[in-house]
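Every number in the numbering used here is 101 more than the matching position in the sequence shown, counting from 1.
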Amino acid sequence: MTTTPILILSGKGKTGRRVVEQLEARGVPYRLASRSSAQRFDWYDDSTWSPTIAGAETAYLAPPVGPTGLAQACRFIKQAASEGLRRVVLLSGRGVGSPGRDFAVYDGGLELEDAVKASGADWTIIQPSWFAQGFSEDFLRYHVLAGEIRLSAGDGGEAWIDTNDVGDVMTAVLLDEAHTGATYTISGPRYLNMTEVAAELSVATGRPIGYVDLEPQAHVTELVDQGLELEDAEAVRDLFAVIRNHRSEYVSDGVQQVLGRPPRDFTDWARDTAATGLWSAE
Numbered sequence: 102m103t104t105t106p107i108l109i110l111s112g113k114g115k116t117g118r119r120v121v122e123q124l125e126a127r128g129v130p131y132r133l134a135s136r137s138s139a140q141r142f143d144w145y146d147d148s149t150w151s152p153t154i155a156g157a158e159t160a161y162l163a164p165p166v167g168p169t170g171l172a173q174a175c176r177f178i179k180q181a182a183s184e185g186l187r188r189v190v191l192l193s194g195r196g197v198g199s200p201g202r203d204f205a206v207y208d209g210g211l212e213l214e215d216a217v218k219a220s221g222a223d224w225t226i227i228q229p230s231w232f233a234q235g236f237s238e239d240f241l242r243y244h245v246l247a248g249e250i251r252l253s254a255g256d257g258g259e260a261w262i263d264t265n266d267v268g269d270v271m272t273a274v275l276l277d278e279a280h281t282g283a284t285y286t287i288s289g290p291r292y293l294n295m296t297e298v299a300a301e302l303s304v305a306t307g308r309p310i311g312y313v314d315l316e317p318q319a320h321v322t323e324l325v326d327q328g329l330e331l332e333d334a335e336a337v338r339d340l341f342a343v344i345r346n347h348r349s350e351y352v353s354d355g356v357q358q359v360l361g362r363p364p365r366d367f368t369d370w371a372r373d374t375a376a377t378g379l380w381s382a383e
């Protein structure tokens, strides 16, 4: 393992923050890079790239969402490897490059995975399912607070994963180069559709939470009305189309492979999250 600080891109996001916590607990040096950190980094401002790459040997890369962001990440990894980055751990997505799951929304992710593999740097790729914390730390939290989850997921299921499990997996592979060249697909221990998710959250919060199945274009309209750029809204719609078409109804064993333990169940996560007050009325 390198003794130079590990470069954490998007270190204030859901996964990056958890990786940072794990590295701090182990006394492992790291360097944050984001638009608001001391080391300023912006995916959309390539003048920030070289100063960020300088001196880094290993990096954790959580790319931006949407086609434009993924294209920028492809450019970045090529430049980073040419400027001395030796190893990268990439946060990708479950379903990217999997036979029989050829949704166009995965094209950008597959291009990024290919760019990482072709960069010349050593690599490990983690492909998680949807994060359970989307309901507590992202835009879906406001749906829970409102008592109504409004999505275009139909009655399809997803094997929601606790983001703490993602952080544990990421940290383990960052600290052990034996994982070089491996791709791990990770998920929770079972899949739930949105009606079942709403029922779980109702029990955890002690108040009724329902699910409204939106038509895909109506979902885009609502997201744009809430302030999302059209391209990003369409990307969200397309990701939920994978669930809507029942293509996420499977369990992946990557957590067990990397950590030697099973992933955390959605019920346990929801109960403990409710106890933190994150879903208390604002």
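Built from N, CA and C at the ideal position, the CB exists for glycine as well.
Checklist line | Residues bridged to Ile-226 (per DSSP) | finding: Leu-191 and Thr-284.
Check: According to DSSP, which residues form a beta bridge with Phe-232?
Finding: Phe-232 is bridged to Ile-262.
Item checked: Stretch pair the stretch 245-253 + the stretch 272-287: three plus CB contacts closer than 8 Å -> No: fewer than three Cβ pairs fall under 8 Å.
Next item on the list: Spell out the partners DSSP gives Arg-251 in its beta bridges.
Entry: Its beta-bridge partners are Val-313.
Next item on the list: Assign Val-197 to buried or exposed, taking buried as 16 or more other Cβ atoms, counted over all protein chains shown, within 10 Å of its Cβ.
Entry: It counts as buried.
Note to self: Let's test the definition: count the other Cβ atoms within 10 Å of the Cβ of Pro-363 and tell me whether it reaches 16, buried, or not, exposed.
What the structure shows: Burial is judged here by how many other beta carbons sit within 10 angstroms of a residue's own beta carbon; Pro-363 has fewer than 16 and is exposed.
Item checked: Integer-rounded CB distance, given that Asp-266 should sit under 8 Å from Val-356 -> Contact between Val-356 and Asp-266 is confirmed by a C-beta separation of about 5 Å, below the 8 Å threshold.
Item checked: Counterpart residues of Asn-294 in DSSP-defined beta bridges -> Gly-258, per the DSSP bridge assignment.
Item checked: Terminal residues of the alpha helix (DSSP H) in which Leu-124 lies -> For Leu-124, the enclosing alpha helix (DSSP H) covers residues 115-127.
Notebook entry, point to check: With His-320 and Gly-257 assumed to form a contact (beta carbons below 8 Å), what rounded beta-carbon distance in angstroms separates them?
Noted result: Not a contact, Cβ separation roughly 14 Å.
Next item on the list: Can you grab the Cα-Cα spacing for the pair Asp-246 / Met-295, in whole Å?
Entry: In the sequence under discussion, the amino acid at residue 246 is Leu, which differs from the Asp named in the question. So the two alpha carbons sit approximately 16 Å from each other.
Checklist line | Distance between beta carbons of Leu-213 and Ala-157, contact taken as under 8 Å | finding: Not really, about 18 Å apart at Cβ, beyond 8 Å.
Margin query: Here's the rule: buried if 16 or more other CB atoms are within 10 angstroms of the residue's CB, otherwise exposed. What is Glu-125?
Written below: Exposed.
Notebook entry, point to check: Among Pro-164, Ile-109, Val-359 and Ala-334, which one has its Cα closest to the Cα of Ala-273?
Noted result: Ranking the options by Cα distance to Ala-273, first place goes to Val-359.
Next item on the list: Answer with buried or exposed for Gln-234, where buried requires no fewer than 16 other C-beta atoms within 10 angstroms of its C-beta.
Entry: The residue is buried, with at least 16 neighbouring Cβ atoms inside 10 Å.
Next item on the list: List the endpoints of the continuous alpha helix (DSSP H) containing Arg-372.
Entry: For Arg-372, the enclosing alpha helix (DSSP H) has its first and last residue at 367-376.
Note to self: If contact is defined by three or more beta carbon pairs under 8 Å, each pair taking one atom from either stretch, is the stretch 144-163 in contact with the stretch 103-121?
What the structure shows: Short answer: they touch.
Item checked: When Ala-342, Thr-306 and Leu-241 are compared against Asp-373, the one with the closest alpha-carbon -> Nearest of Ala-342, Thr-306 and Leu-241 to Asp-373, Cα basis: Thr-306.
Margin query: According to DSSP, simplified to helix, strand and coil, what is Ala-305?
Written below: In the three-state DSSP reduction, Ala-305 falls in the helix class (H, G or I).
Notebook entry, point to check: For Ile-178 versus Ala-219, is the C-beta distance shorter than 7 Å?
Noted result: Cβ atoms of Ile-178 and Ala-219: not closer than 7 Å.
Note to self: If the criterion is Cβ atoms closer than 7 Å, does the pair Ile-287 and Gly-248 meet it?
What the structure shows: At least 7 Å separates the beta-carbon of Ile-287 from that of Gly-248.
Check: Just how far apart, CA to CA, sit Arg-242 and Trp-380?
Finding: Near 7 Å, if we compare the C-alpha coordinates of Trp-380 and Arg-242.
Check: Hey, how far is the Cα of Arg-176 from the Cα of Leu-211?
Finding: If you take the alpha carbons of Arg-176 and Leu-211, they lie about 14 Å apart.
Next item on the list: Quick one: grab the DSSP three-state call for Thr-149.
Entry: DSSP places Thr-149 in the helix class (H, G or I) of the three-state scheme.
Next item on the list: May I ask which residues mark the beginning and end of the alpha helix (DSSP H) holding Leu-340?
Entry: Residues 331-345.
Next item on the list: Along the alpha helix (DSSP H) that carries Arg-176, what are the first and last residues, could you check?
Entry: Annotation for Arg-176: the continuous alpha helix (DSSP H) segment containing it runs 167-183.
Item checked: Proximity to Glu-316 [Cα-Cα], best of Asp-369, Asp-339 and Phe-240 -> Glu-316 has its Cα closest to that of Asp-339, out of Asp-369, Asp-339 and Phe-240.
Notebook entry, point to check: Around the Cβ of Thr-264, are there at least 16 other Cβ atoms within 10 angstroms (buried) or fewer (exposed)?
Noted result: Within 10 angstroms of the beta-carbon of Thr-264 lie 16 or more other beta-carbons, which makes it buried.
Margin query: Quick check on this structure: which residue in Met-271, Tyr-292, Gln-327 and Ser-237 has the alpha carbon closest to the alpha carbon of Glu-350?
Written below: Proximity to Glu-350 across Met-271, Tyr-292, Gln-327 and Ser-237 peaks at Tyr-292, based on C-alpha coordinates.
Check: If you drop the 5 nearest sequence neighbours on each side, which residues of the same chain put their C-beta closer than 8 Å to that of Lys-113?
Finding: Once the five neighbours on either side are set aside, the close Cβ partners of Lys-113 are Leu-133, Ser-135, Ser-137 and Ser-138.
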